[in-house]
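Numbering (the numbering used here), first residue to last: 14 to 269.
Don't be surprised by glycine CBs; every beta carbon is placed ideally from N, CA and C.
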């Protein structure tokens, strides 16, 4: 069976970069997102099979799994769809924002995983192995002021990943997690800051952040490892970011 991977949230950022990287290395790809125009452009560029799907809609997710099964199956799944809304405190944030973050970062991840597991099992029977990688965040490993609902959602996604790994013990399906820190993409921070472009740019001022392509190289590299090698948790940050609490701004210079 050919290597075929499904990538959600593929219309931009890390998802789109991952589809490109998989394609460069000879994988067949299924690019999944809500925005059809962007998906079609990515499909034309990379040869990906494009599926328009909102991961928070279980009927659409069921159709996604059926289409993947009918068009060649899969041996890999990247749960990349996600997002953050707002930086308000717990006291002043909105349940509507929290609900939306949980829907896409946690419930969508669960729905896609559940729908795709039978397809991945078939892939594992044919090829010997299958892989799932959940893209979480360092915000799911360390809380910070203003993290609020995003922290909570990504902590939950981290927990779901660990539970899934335990539940699939004994099957030839590895479950991996990639938790990036400061990444500069065209939309994530702008969306989180509700369209405030100046504030979004200040996030990356005087620092060299990760790019979507940096994350994609590491993400796809995890799939390229021998199939018995499971990278349970990969934490990825720019050198300037020593923790979620501290990002050095300015030149990086040796001491002494």
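Quick one: does residue 192 have its CB under 8 Å from some CB of chain B?
-> Any reference to chain B falls outside this structure, which holds one protein chain only.
Counting Cβ pairs, one atom from each stretch, are 3 or more of them under 8 Å apart for the segment 165 to 181 and the segment 227 to 234?
-> No: fewer than three Cβ pairs fall under 8 Å.
For residue 120, three-class secondary structure by DSSP | Helix, per DSSP.
With burial defined as no fewer than 16 other Cβ atoms inside 10 Å of the residue's Cβ, what is the status of residue 29: buried or exposed?
-> Under the 10 Å beta carbon count, residue 29 is surrounded by 16 or more other beta carbons and is classified as buried.
Inter-stretch contact at 8 Å, needing at least 3 Cβ pairs: the segment 71 to 78 / the segment 88 to 100 | Three or more beta-carbon pairs separated by less than 8 Å are not found between the segment 71 to 78 and the segment 88 to 100, which leaves the two stretches without contact.
Measure the alpha-carbon distance for residue 264 versus residue 86 and round it to whole angstroms.
-> Distance from the CA atom of residue 264 to the CA atom of residue 86, rounded to whole angstroms, is 48 Å.
Which value, in whole angstroms, describes the spacing of the CA atoms of residue 58 and residue 41?
-> Residue 58 and residue 41 have their C-alpha atoms some 13 Å from each other.
If you compare alpha carbons, which of 146, 16, 217, 250 is closest to residue 190?
-> Selected option, being the one with the closest Cα: 146.
Alpha carbon of residue 205 to alpha carbon of residue 180, nearest angstrom = So the alpha carbons of these two residues sit roughly 33 Å apart.
Taking 8 Å as the cut-off, decide whether the C-beta atoms of residue 107 and residue 159 are in contact.
-> No Cβ-Cβ contact shorter than 8 Å links residue 107 with residue 159.
Pick helix, strand or coil for residue 193, following the three-state DSSP scheme.
-> Strand.
Mapping DSSP to helix, strand and coil, what is residue 247?
-> Note: residue 247 maps to strand in three-state DSSP.
With DSSP collapsed to three states, give me the class of residue 16.
-> Coil, per DSSP.
At which residues does the alpha helix (DSSP H) containing residue 231 begin and terminate?
-> Start and end: 225 to 237.
Inter-residue spacing [alpha-carbon to alpha-carbon] between residue 255 and residue 105 | Cα to Cα, residue 255 sits roughly 29 Å from residue 105.
Spatial neighbours of residue 167 in its chain, beta-carbon cut-off 7 Å, leaving aside the 5 residues before and after | The beta carbon of residue 167 lies closer than 7 Å to those of 118, 149, 150, 152, 153 in the same chain, with the five residues before and after it left out.
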